[in-house]
Structure formats: structure tokens, C-alpha cells
Amino acid sequence: MSGWRTSGSSDPVFRGAVMKKTIEEINRKIAQKTAVVCTAAELKQRIARGETITAADVDVVTTGTFGVMSGTLAVLHIPVAPPGTFRKAEKVWLNGVPAIPGPCPNEGLGSVDVIVYGTAHASPTYGGGHLFRDLVEGNAVQVEVESDGKRFCHSVTLAEIPHARIITTRSAFKNYLAVVNTGSDPVKTIFAAEDLSGPYTGATVSGCGDINPVQNDPDLNVIGVGTRVLLNGGTGYITGTGTRATKEKPNIAAVADMKRMVPAMMGGFVTSAGPECTTSVAIPIPVLDDAILRNLRVTNNQIPLPVADVRDRVPFASATYADVWDGTDPVISFSRESCLQCDPCAAQAACPAGAIEPVQGINPARCVNCGTCVQTCAGNACTGTTGALMFDGRRVPIILRQSDRARALQLCEDLKNQILDGRFVLIEKTEDLL
Ligand code: SF4
Ligand code: SF4
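Heads up: the sequence shown is residues -12 to 421, going by the working numbering.
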């Protein structure tokens, strides 16, 4: 990255005079194509190499996260039939996924307003998250409406839906959780692709570690209400903190138009307790002063990863995100030469993202690098080091990653490029989040 400078004070990493920039100044530099923008991973690599970096050297650092986020829903207004065809929708399904009609009844209009939960289920392998991705991919979706004892069906694409927004009720938690089973009986859970066995036979983890947005602005000094973000790859806005947010463990709520979203940055994820929803968030951190830059120094080994039992989710130990992301493989690989062509393919059956296709192997557009296939492959075709959690003198292998750091890195890169070429400008927050 060109344009980085060194200066001359005694702090080995952050030297130079205290300075303060404004978002307006940064936006001017973005317009003039002179802004210095880097991803959180690039910044940390340069600091790790011993480079001296001050707030004068970088204007924006892009952060991101991708993973299973249950608190995601869609608000849709869908034309179904000519006006007057039915009085009002009492029940609605989209590709079999139950939707909640209203709150506006649209009486006599032949259209429906619905709310669809990302966690709603049509079947054990298809849910709201799959539906959202189908819509964003441009696939036709079957709408069924029940009204006064009659059924009305219609096929619709996102292009024909005038209003389609995704809302997150909580996303991008600051250091999330690792989950283990401390008992002997397997547990059906949203935290595992297959029933989670025990005691301590495997851990499932969530969170992208030191590139997670909130981890890089832990007190939410710069991220606020109105901050422009990428939600599922499309431009969106932060609306506030989400449910269960606390000062110690905040998260954010956001909204964005589905028509701007990118299919690979969202989707469905099948767990042993049914389908869940994957969501992504990328947030630019404007480097207004050295205090903000100091927070951006955080590394995986400094971020605690609370470990909880799957039954009560109360943390009883702590590892760190270094166990998850340092020295492990963010991308899971496939070797055709090593594939035994089993019938059926155990890895394909267990894949929570439907990403394994016979003969072709792993489809990178769908794979979320969770590692399940590494555990289940009968041969040695699916490979990747997913690490182990170290706590209380134990070493518990990580059997499932519910967050995809490789995709989050790609999101950071995408956001960086959008800022560099002037497609994405920063906005001043209108209110503090906490
Ligand atoms: S890592 Fe394997 S199991 Fe997980 S999504 Fe990718 S192909 Fe499927
Ligand atoms: S289980 Fe592994 S080795 Fe067997 S077909 Fe599937 S990918 Fe190939």
C-alpha cells in the first residue's frame, strides 16, 4: 500500500504528534482518490512486521464479519393477484417458508406485506436464509396466500417485489462464543451441523476474531446510528444496537435493500436443530486520531473467546480467537485425486451449506469454510486445519466454524475497493450507540 509514512517519536508503533481528522476531510480525499484505505488484516500484518504507523498514515480501515446470525429478518411487499381477488392474507408461505402477514393488511389490494424470519423453516434443509439468497440470486419464489379458506399462488422474483429489505435485530457481536458439550449425551443444537457429542469431544465456534467490526471499535466510538455499512454485500445503515447488546458485549442492528445484496455474502446454513441464516456485515472505521488507530491494533490472541456448555450457554472457561484463526486454514480445500467417489458421499450429506457437488467437489460460491467436511469425509479429499481450543488444561478440537473468516476478508477487500474507487463514502454517525 503506497502513501504510508513513518515518523519520529519514541512509541515503537504509534509515533508522531496527536492529530485529529474529520470524516469530511476523509471523504474529500476519497473524492480526490488520495485516501489511504486498507483492510484490518493488512493493517495488522504491517504492524506485526514492525512498521511504524500513525493516524496520519491511514484514513480508513475496513472490517468485516460473516457467519450464522439468527437475528435476521426480511420485510417484503409482494404483489400476488389483481386487486379485489382476495380480502386479506391470513397465512403466507414463500417457497414453503412461513411468513408473518402484516402489520398492514393491504385489504383488497391483492398484495401482501410480510415479515420473514431468517430462522423460519420450510423443511429440515430449507429455511428463511436459503429463501433470502434465492431471492437475491434472482430465482423465482413460489408465494402461497391463504384467505377466507382459499389458496392463491403466484411465482415472483426479487425484480417484481417493489419493497424488499433485510433487517438485523442483532449482528456482529463483540467476541461471541465457543460451545462444547460437557455431558455424555449428544445434543441437537443450532450450534452444530450434527448433534454435538461429548464430553468435550469437539467445539463449535463463532466470530471472525480481529477483523470483526465491533472488535476494532470496542467502545463504539466511531460506529454509530446512521453509519453506512455493507450488509450482505449491499449498502446499508446501522439503526442502533441489537437485542442482548450490553456495554461489555455490544452488537449492532442494521438495514439494507435486498436488491443491492450479493448472494455469496448471505444464505442458509443447516444445523442439527434445523436451518439457520448466514449474514455478513462490513464496516469502515475512519482513522480520525491515534486513539482510534490504537483500538485497530487488536489481535486474535488479545480477544477472549468465552467457552460455554451447549445446554445453558453460560461461559465457564475462556480461550482466545488465536486458537481459531492463527495458524489455521481459513479456506477448506478439496482434492479430486484423493476422493474415493463414495456413494453416498458422507461429506456432501453433512455439509451445512449444500456446497459439495459429486465429482466437482466444493463449490466456492456456496462453501462457508466451516470444516464439517474435514470431519466427515471418508477419504482425504476435504482438508484444512481448523485448530483446537485450549482451556482448563484441555485441548478440544474445533469441529465447526459458524463464521467464515475467508469471506469476511473478501468483504473487507470489497469495501476497501469501493471506497478507493469512490463508490462508497463515509457518513458521520447521527447518534452514539451506547
Ligand atoms: S467447509 Fe465443507 S462442509 Fe463446510 S461449507 Fe465448505 S464444503 Fe460444506
Ligand atoms: S466422503 Fe470424501 S472421499 Fe467420499 S465421496 Fe465424499 S468427498 Fe469423496
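Each residue gets a CB set at the ideal place from its N, CA and C atoms; glycine is no exception.
- For residue 133, DSSP records a beta bridge to 78 and 138.
- With 16 or more other Cβ atoms from the protein chains shown falling within 10 Å of its own Cβ, residue 267 counts as buried.
- A contact is defined here as three or more CB-CB pairs under 8 Å, and the stretch 119 to 126 meets this definition with respect to the stretch 251 to 271.
- Within the same chain, Cβ atoms closer than 7 Å to the Cβ of residue 377 are found at 306 and 310, the five residues on either side in sequence being excluded.
- DSSP, read as helix, strand or coil, puts residue 196 in helix.
- For residue 25, the shortest separation between its Cβ and any heavy atom of ligand 2 does not lie below 8 Å.
- In this structure, the CA atom of residue 77 is about 13 Å from the CA atom of residue 67.
- DSSP places residue 100 in the uninterrupted beta strand (DSSP E) bounded by 98 to 104.
- If you check the CB distance, residue 195 and residue 53 come in under 9 Å.
- When the Cα atoms are used, residue 14 and residue 413 turn out to be separated by approximately 6 Å.
- If you look at residue 264, you'll find it in the beta strand (DSSP E) that goes 261 to 273.
- Under DSSP, the beta-bridge partners assigned to residue 418 are 212.
- Residue side-chain check: residue 358 keeps its Cβ at 8 Å or more from all non-hydrogen atoms of ligand 2.
- If you look at residue 396, you'll find it in the alpha helix (DSSP H) that goes 392 to 407.
- Around residue 300, the same chain offers 164 and 166 as residues with beta carbons nearer than 8 Å, after the five sequence neighbours per side are excluded.
- The three-state secondary structure of residue 319, taken from DSSP, is coil.
- In this structure, the C-beta of residue 334 approaches ligand 1 to less than 8 Å from one of its heavy atoms.
- As a beta-bridge residue in DSSP terms, residue 151 pairs with 63.
- Annotation for residue 157: 58, 229, 230, 231, 232, 238 and 240 place their beta carbon closer than 7 Å to its own, counting only its chain and skipping 5 residues before and after.
- The criterion of a C-beta distance shorter than 9 Å is satisfied by residue 416 and residue 214.
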